[in-house]
Amino acid sequence: MKFLFDLFPVILFFVAFKFGGIYVATSVAIVATFGQIGWLKIRGRKVDTMMWVSLGIIVVFGGATLLLHDETFIKWKPTVLYWFFAGSLAGANLFLKKNIIKGLLGEQMQLPEQAWNRLNWSWAAFFTLMGALNLYIAFNYPLDTWVNFKLFGGMGLMFIFVMAQALFLAKHMPEHGTTDGNSASPPDRNAGHDAGDHP
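Count along the sequence shown from 1, add 4, and you get the number used in my numbering.
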C-alpha cells in the first residue's frame, strides 16, 4: 500500500497525460503531491524528508514547465530526484560516515557492516543510473514514450532491483529457527548420554 501511495502522483500524471497532455499532467502531479502530504497531515502521520524533497522538486520543475510552457523542465524532474537520492546516500557515507540504508532498515534486520555498505552503495549506483536513463529516454524518444517509461519502465526496473536486493539480503538473514540472530545449533549427537561423557 505504501508503494502504491508513493506512486500516486506518477499514476495520476500518466492518466492525465493520456487525456489532457503534458501541461495538464504536470498540474495534476503538483496537486497530487500536495494532496499526499495533506492526507498524511490530516491523519496525524509523519511526512518523511524524501516526500518534502519530492514536493519541492515537483513544484520548482513543474512550475517552470507551466510558467514557461516548456516540457524540458518536467523531463528533468525525475533525474533531479534520483540524483538527489544518490547524492544523499553517497555523501552521508563519505563525509558523515553515516549509512542511510542502515538507518532506515537497521531496526528490521541485522546484517554485517560490509553488507550494509554494499547495500548503501548499490542503491546509490541504481539511482545514479536511473537518473541518466531518464534523461536518455526523455531527450531521444517521443514524449509519449517518456511518459510510458516514467511509470512502467521506472516501476519495472525498481521492482527488478528490489528483488535482486532481496536475494542479496537472504544470504545474510538468520537461518530458520534461530534466536537473537544466532544460527541454530545442530542436534547434539551425544544427547541422551551420561553427563559425565561431556568435557
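Beta carbons are placed, not taken as given, at the ideal position from N, Cα and C, and that holds for glycine. Remember, it's a predicted structure, so these values are computed and weren't measured experimentally.
Just confirm the distance between the C-beta atoms of LEU204 and ILE61, as a whole number of angstroms; I'd bet it's less than 8 Å.
-> Lying outside 5 to 203, the shown extent of the chain, residue 204 is not represented and no answer is given.
Given 8 Å, three or more beta-carbon pairs between the segment 64-80 and the segment 103-118 | no
For ASN9, is the classification buried or exposed, using 16 other Cβ atoms within 10 angstroms of its Cβ as the cut-off for buried?
-> Mapped onto the sequence shown, residue 9 falls at position 5. Per the sequence shown, the amino acid found at residue 9 is Phe instead of Asn. PHE9 should be labelled exposed.
Residues in its own chain within less than 8 Å of GLY66 by CB, not counting five upstream and five downstream?
-> For the purposes of this step, residue 66 is taken as residue 62 along the sequence shown, with counting starting at 1. The residues are THR30, SER31, ALA33, ILE34, PHE77, ILE78, LYS81.
Could you say if the segment 42-62 and the segment 113-128 meet the contact criterion of at least three C-beta pairs nearer than 8 Å?
-> no
Through-space distance from ASN138 to ILE15, alpha-carbon basis = Stepping through the sequence shown from its first residue, residue 15 is reached at position 11. Stepping through the sequence shown from its first residue, residue 138 is reached at position 134. Taking the straight line joining both Cα atoms gives about 17 Å.
When you compare only the Cα positions, how much space is there between VAL28 and TYR145?
-> As a first step, residue 28 is located in the sequence shown; it is residue number 24 there, counting from the start. As a first step, residue 145 is located in the sequence shown; it is residue number 141 there, counting from the start. Approximately 20 Å between the Cα atoms of the pair.
Can you give the Cα-Cα distance for THR37 and LEU100, rounded to whole angstroms?
-> Within the sequence shown, residue 37 is the residue found at index 33, counting from 1. Within the sequence shown, residue 100 is the residue found at index 96, counting from 1. Whole-angstrom Cα-Cα distance: 30 Å.
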